[in-house]
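Undergrad: Take a look at the following structure, please.
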Amino acid sequence: MRPVKNCIVNKDTKTNPIWLMRQAGRYLPEFREIRKVNQNFIKLCLNENLSSEITLQPIKRFGFDAAIIFSDILMLPYGIGQKVEFEKNFGPKLGDLNLEKIEDVNEDIFTKKINSVYKAISITSNHELLKKRDMIGFVGAPWTILVYMINKMSPKKKLIDSFFDDEILINKLLNLIERFLKIHIKNQVDAGANIIQIFDSWAGLLNDKLSDYIYKPTYNLVDYTKKLGVPVICFPRGIKNYKEFCKIVKPDMINIDYDVDPKKIASEIELPIQGGLDPKILLTDKDKVKNEVEKYLTIFKDHPYVFNLGHGILPETKIELVEQLIKIVKNFK
Ligand code: CP3
């Protein structure tokens, strides 16, 4: 494997680095305070000072080993001119998809529209607290972005009947999304991100066409990011064959979801591994947290492993259990 910079994506198994997906978010009272007076989520993401402050909240409270920029994967469709709104108790709602309009958008227009995201990365990565920590930038994988752009809402709500019908549209859109994701990655790296994570939250929707819709476009992004000199973590949530994914897409690290058997993963994947713990465990009690966390740490004891969850931390998570989780991870030998 290509040597990576001294960051959490390395071969040191002794330090048990930890950060949590969605660590900057609704389970934190200090986040809810800010959110209460900032009802428009996109506007909040585009406020570089608040975005940086929110990014640092979990670092200040828990001392995680990496900060992930407070933003959203849907800043991409927003940046290329599709309307994106977040409705309370519903989630994202996207506007009509107008390809002709999108084709008029160039790199400059895109970058200017979401420039505050890059400013937020720059402010955060220059912060004292980031001297010894990683600054994770992120994107949605082309497939997951496409799902939102065509379906216009989370498939958790509903997947429109005609979703898979128009292969010409799907292929055209995947190319277009890939082009802008590369710009988005480069801008984040230029601003100070030293790791990129690619979230493919809806990888599990596909049973065939994986090669065209997931492997190829994601490989292109991984390859592009590596050439910028930055390690890349992939999270193909729900994918049936992690081993095949790793072999073809070749990320520097793979984040597993909570449905896969960690023992099987440990035996068949050599790449550094991140994550796995079911976020619902953080809604239970101290004993269950201890058992489950130690299960993952034991299985990956001799493997390069970054502790994380198998999906984003849930808003109802109790702060005390996060504190306990970190203690266990840091004290585990
Ligand atoms: O991890 C972090 O702390 C950094 C910030 C981050 C957010 N979204 C902030 C956010 C990251 C990395 C994301 C990624 C993201 N966004 C994904 C991929 C990971 C995943 O969870 O599967 C997806 C699918 C989205 C799209 C999205 N954004 C949805 C579906 C929703 C609404 C439902 C939900 O889970 O909250 C959001 C809103 C969102 N993005 C919030 C936050 C903190 C909640 C906003 C709020 O209502 O306060």
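Note that this note's numbering numbers the sequence shown so that position 75 is 75, with each residue one more than the last.
Every residue gets a Cβ at the ideal spot worked out from N, C-alpha and C, and that includes glycine.
Does the Cβ of LYS152 have 16 or more other Cβ atoms within 10 Å, making it buried, or fewer, making it exposed?
TA: Per the 10 Å Cβ criterion, buried.
Undergrad: Leaving out five residues on either side along the sequence, give the residues of the same chain with a beta carbon under 7 Å from the beta carbon of ILE54.
TA: Same-chain partners within the cutoff: ALA24, PHE31, ILE34, PHE70.
Undergrad: Between GLY276, ASP287, LYS250, which has its C-alpha nearest ARG237's C-alpha?
TA: Comparing Cα-Cα distances from ARG237 to each of GLY276, ASP287, LYS250, the minimum goes to GLY276.
Undergrad: Classify GLY63: buried if its beta carbon has 16 or more other beta carbons within 10 angstroms, exposed otherwise.
TA: Exposed: under 16 other Cβ atoms inside 10 Å.
Undergrad: Please determine, among LYS36, LEU28, GLU294, the residue with the shortest C-alpha to C-alpha distance to GLN57.
TA: With distances taken between Cα atoms, GLN57 lies closest to LEU28.
Undergrad: Can you find the residues in the same chain that come closer than 6 Å, C-beta to C-beta, to LYS83, ignoring five residues on each side of it along the sequence?
TA: Excluding residues within five positions, the ones whose Cβ falls inside 6 Å are GLY95.
Undergrad: Please confirm whether VAL249 and THR218 have their CB atoms less than 9 Å apart.
TA: Contact: yes.
Undergrad: Smallest Cα separation from LYS280: which of GLU270, SER52, VAL293, LEU129?
TA: Per the Cα distances, VAL293.
Undergrad: Nearest-angstrom Cα distance between GLY192 and SER125?
TA: The alpha-carbon atoms of GLY192 and SER125 are separated by roughly 6 Å.
Undergrad: Below 8 Å, how does it come out for the segment 144–162 and the segment 85–104: are there three or more Cβ pairs, yes or no?
TA: The segment 144–162, when compared against the segment 85–104, does touch it at the 8 Å Cβ threshold.
Undergrad: Please tell me whether GLN197 and PHE235 are closer than 9 Å, where the distance is taken between their beta carbons.
TA: Yes, the Cβ-Cβ distance between GLN197 and PHE235 is below 9 Å.
Undergrad: Roughly how many whole angstroms lie between the Cα atoms of GLU87 and LYS333?
TA: Approximately 44 Å between the Cα atoms of the pair.
Undergrad: Leaving aside the five residues before and after SER201 along the sequence, list all residues of the same chain whose C-beta is less than 6 Å from its C-beta, in chain order.
TA: These residues qualify, in order along the chain: THR144, ARG237.
Undergrad: What are the boundary residues of the alpha helix (DSSP H) that VAL293 is part of?
TA: Segment 286–299, the alpha helix (DSSP H) holding VAL293.
Undergrad: Out of curiosity, what's the CA-to-CA distance linking ASP104 and LYS318?
TA: For ASP104 and LYS318, the distance between alpha carbons rounds to 46 Å.
Undergrad: Looking at C-alpha atoms only, which residue of ILE273, GLU268, GLU244 is the closest neighbour of ASP257?
TA: Nearest option by C-alpha distance: ILE273.
Undergrad: Is the segment 257–270 touching the segment 293–313, taking contact as three or more C-beta pairs under 8 Å?
TA: Result yes; three or more Cβ-Cβ pairs closer than 8 Å.
Undergrad: In the DSSP output, which residue or residues are listed as bridge partners for TYR148?
TA: Answer is none; TYR148 lacks a bridge partner.
Undergrad: Find the nearest neighbour of LYS182 within the set SER162, VAL222, ASN47, judged by alpha-carbon distance.
TA: Cα-wise, what sits closest to LYS182 is VAL222.
Undergrad: Quick one: what's got a C-beta closer than 8 Å to ILE102's C-beta in the same chain, skipping five residues either side?
TA: Closer than 8 Å at the Cβ level, and outside the excluded window around ILE102, lie ILE80, GLY81, GLN82, LEU176.
Undergrad: So, is SER211 buried or exposed, given that buried needs 16 or more other C-beta atoms within 10 angstroms?
TA: Burial call: exposed.
Undergrad: What are the boundary residues of the beta strand (DSSP E) that CYS45 is part of?
TA: Note, CYS45: premise wrong, no beta strand (DSSP E); alpha helix (DSSP H) at 41–45.
Undergrad: Buried or exposed: which applies to ILE160, given that a residue is buried once 16 or more other Cβ atoms fall within 10 Å of its Cβ?
TA: So ILE160 ends up on the exposed side.
Undergrad: How many angstroms separate the CA atom of LYS295 from the CA atom of PRO262?
TA: Using only the alpha carbons, I get a separation of about 9 Å.
Undergrad: If I'm right that LYS288 touches GLN324 with Cβ under 8 Å, what's the distance once you round it to whole angstroms?
TA: Incorrect: roughly 11 Å between the Cβ atoms, too far for contact.
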